[in-house]
Amino acid sequence: MVKKSLKSVEQYLPSQAEVERYEMLEKLLTSIYNEMKEFSKKKPEELLNKFKVTNVNRVLVQIKEIMKNEPTNDFLDLLDEESLPSNSDSILIIGQFQAAMEQFRSKYYRAYSHAYGNNVWSTKESPKEF
Numbered sequence: 755m756v757k758k759s760l761k762s763v764e765q766y767l768p769s770q771a772e773v774e775r776y777e778m779l780e781k782l783l784t785s786i787y788n789e790m791k792e793f794s795k796k797k798p799e800e801l802l803n804k805f806k807v808t809n810v811n812r813v814l815v816q817i818k819e820i821m822k823n824e825p826t827n828d829f830l831d832l833l834d835e836e837s838l839p840s841n842s843d844s845i846l847i848i849g850q851f852q853a854a855m856e857q858f859r860s861k862y863y864r865a866y867s868h869a870y871g872n873n874v875w876s877t878k879e880s881p882k883e884f
């Protein structure tokens with residue numbers, strides 16, 4: 755098995771600014787998911803209104819930007835503003851974003867021997883070999 759050099763991997767590392775945005779967006783996405791899940795339990799087939807779709811997409815667009823170099827990005831779709839999705843459809847899409855964000859975190863945020871057992875982000879500004 756050929757081990758990739760740290761230099762070849764560094765070009766895909768997130769920047770510190772992207773990590774800060776990621777952490778903010780992760781909290782927003784969790785909140786959105788929880789709210790949409792409640793709507794979906796009550797009325798799964800009810801359509802979202804344009805306001806909700808626009809607000810959710812505002813978060814999803816920024817997540818897609820952070821994920822632009824990740825293989826999961828190809829599977830992340832925004833909510834369709836023309837044919838408004840149902841509550842249950844939106845949960846499916848938002849769940850995919852959550853899974854992609856979890857994978858991103860596990861890829862770049864891990865235990866690092868020089869951090870005394872703490873997890874740290876590997877970023878362009880501070881690359882780490884795990």
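Under our numbering, read the sequence shown as residues 755 to 884, first letter to last. Just so you know, even glycine gets a beta-carbon here, dropped at the ideal spot from N, CA and C.
Would residue i be called buried (16 or more neighbouring beta carbons within 10 Å of its own) or exposed?
i, result
"N823", "exposed"
"K781", "exposed"
"L760", "At L760 the pLDDT is 48, less than 50, meaning the model places this residue with poor confidence and gives no usable figure here."
"A865", "exposed"
"N873", "exposed"
"P825", "exposed"
"A853", "exposed"
"P768", "buried"
"Y766", "exposed"
Just to check my reading of the structure: residue i and residue j have Cβ atoms closer than 8 Å, yes? What is that Cβ distance to the nearest angstrom?
i, j, result
"E835", "V807", "5 Å"
"K791", "L838", "The Cβ separation is near 18 Å, so there is no contact."
Looking at residue j and residue i, is the spacing between their C-beta atoms short of 7 Å?
i, j, result
"I847", "D831", "yes"
"S794", "S842", "yes"
"L779", "S844", "no"
"T877", "V773", "yes"
"E789", "S840", "no"
Note down, in chain order, each residue of its chain lying with its Cβ closer than 7 Å to the Cβ of residue i, except the 5 sequence neighbours on either side.
i, result
"F851", "L783, L814, I817, L830"
"K882", "Y866, V874, S876"
"K796", "none"
"Q857", "T826"
Apart from the five residues just before and just after residue i, which ones in its own chain have a Cβ nearer than 6 Å to its Cβ?
i, result
"E879", "Q770"
"M855", "E780"
"Y776", "I820"
Identify every residue that forms a DSSP beta bridge with residue i.
i, result
"V874", "R864"
"L801", "S840"
Identify, in the order they occur along the chain, each residue of the same chain with its Cβ nearer than 8 Å to the Cβ of residue i, setting aside the five sequence neighbours on each side.
i, result
"Y862", "L767, P768, V773, W875, S876, T877"
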